[in-house]
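Heads up: the structure comes next, in structure tokens.
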Amino acid sequence: MIRGRLIAVNGKSVTSDDYTDDRAKRLVDREFNLSHSAAKPDNNQVVGGRWTPEEAGAISMEEGIATTLGLKLGDALRFDIAGIQMDSKVTSLRKVDWTSMRANFFAMYPVSRLEGVPATYMGAFKAPVTPGFDNALVRQFPNVTNVDMSATISQIQRILDQVVSAVEFLFGFTLAAGLVVLFAAVSATREERAREFAIMRAVGAQNQLLRQVQRIELAGVGLLAGFLASCVASGVGWALARYVFEFSWTVSLWVPLLGSLAGALLALAAGWWGLRDVLRRPVVETLRRAAT
16 MIRGRLIAVN GKSVTSDDYT DDRAKRLVDR EFNLSHSAAK PDNNQVVGGR
66 WTPEEAGAIS MEEGIATTLG LKLGDALRFD IAGIQMDSKV TSLRKVDWTS
116 MRANFFAMYP VSRLEGVPAT YMGAFKAPVT PGFDNALVRQ FPNVTNVDMS
166 ATISQIQRIL DQVVSAVEFL FGFTLAAGLV VLFAAVSATR EERAREFAIM
216 RAVGAQNQLL RQVQRIELAG VGLLAGFLAS CVASGVGWAL ARYVFEFSWT
266 VSLWVPLLGS LAGALLALAA GWWGLRDVLR RPVVETLRRA AT
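In the numbering used here, the protein residues as written are 16 to 307.
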């Protein structure tokens, strides 16, 4: 990381009086955090111009700050870096994800080395759980500035936990609504099923066989519903991970399997509760009800 102040654009000195936007005034009045790298950062997307590694006299600007300061491709910029003036031409514009947990910069030189300028080096490491490690590190290396990110990571984790809890609540609510709908559908067809089973029993079908047919039907419907629900849930999870949270997503074959089994068990339970008296009802009584 290099600290530098923008002092000229296209050979003309710039001050805060040259801008009307408050953010632009603040940016010109303070030093920028600059950096350099021959390779384009992975989380940066070039939206204008070209990033050419090791291109001398080139600089890449973040598109937001370029818009705020009225900069465009081909503009010549002069930065004052600790008394050293450096002239560069804007050769690319980058889209930066400022919400990422990575070091991001407004301006970057596309070179691997930048000689003659003071720099601060940044790095990330996982500190051991030893009490007092951070204080001991600073005492041994007084020029090191240690920033504890555990509070930030904990806050992000709490937010993610809240999102997970909300999704789980919606899942539970949807599951309960599905059970209600299934129970209502079974109840609505109970008399029709009772007549069908009564006719089958009248022609010699055994109760055990009818119970097996009923269980296979309910289990099959539950398996299909659970499998489809699991596939849809996996698709939604992938979309959220890919496009919302930008996390890596790993396919789990257990999700459709467990979802199918859960659907079958729930369908059997709801069906048993709604149809528990169908096979116990006398055939004559069922046929008389159908006749009336």
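C-beta: ideal position from N, C-alpha, C; glycine also.
Asn59 sits in a strand when the DSSP states are folded into three classes. Note on geometry: alpha-carbon atoms of Leu175 and Ala181 lie some 10 Å from one another. Judged by DSSP secondary structure, Asn150 falls within the alpha helix (DSSP H) whose first and last residues are 148-155. Cβ atoms of Phe121 and Ile80 come within 8 Å of each other, at about 5 Å. By the criterion of a C-beta distance shorter than 8 Å, Gly72 is surrounded in its chain by Asp102, Ser103, Lys104, once the five residues flanking it on both sides are discounted.
The C-beta distance from Ile96 to Ile17 rounds to 6 Å, short enough to fall under 8 Å. In the three-state reduction of the DSSP assignment, Gly89 falls in the coil class, being assigned neither a helical nor a strand state. Looking at the DSSP output, Lys110 sits in a beta bridge with Gln60. Taking C-beta atoms as the reference points, Arg117 and Gln60 fail to come closer than 8 Å.
Here Ala23 is bridged, per DSSP, to Ser28, Arg93.
Judged by DSSP in its simplified three-state form, Glu77 adopts strand. Looking at the DSSP output, Ala122 bridges to Leu49, Met76. Just so you know, the alpha carbons of Leu280 and Gln177 end up roughly 29 Å apart. Cβ atoms of Gln229 and Gly286 come within 8 Å of each other, at about 7 Å. For the pair Val251 and Glu232, the Cα-to-Cα distance works out to about 29 Å. Per DSSP, Ala39 is one residue of the alpha helix (DSSP H) stretching across 37-44. Contact between the segment 50-70 and the segment 27-38 is not established, with fewer than three Cβ pairs separated by less than 8 Å. One Cα belongs to Asn161, the other to Asp57, and the distance between them is close to 25 Å. For Asn119, the CB contacts under 7 Å within the same chain, skipping 5 residues up- and downstream, are Val111, Trp113 in chain order. Looking at the backbone, the Cα of Gly26 and that of Arg20 are separated by about 15 Å.
Judged by DSSP in its simplified three-state form, Arg117 adopts coil rather than helix or strand. Between Val24 and Leu86 a beta carbon distance of about 7 Å is seen, short of the 8 Å cut, so the two are scored as contacting. Residue pairing from DSSP leaves Arg257 without any beta-bridge partner. Per DSSP, reduced to three states, the secondary structure at Gln221 is coil, with no helix or strand assignment. Taking a contact as a CB-CB distance under 8 Å, the pair Gly274 and Gly241 counts as one, their CB atoms being some 4 Å apart. Beta-bridge analysis with DSSP links Ser103 to Leu92.
Annotated three-state conformation of Arg210 is helix, per DSSP.
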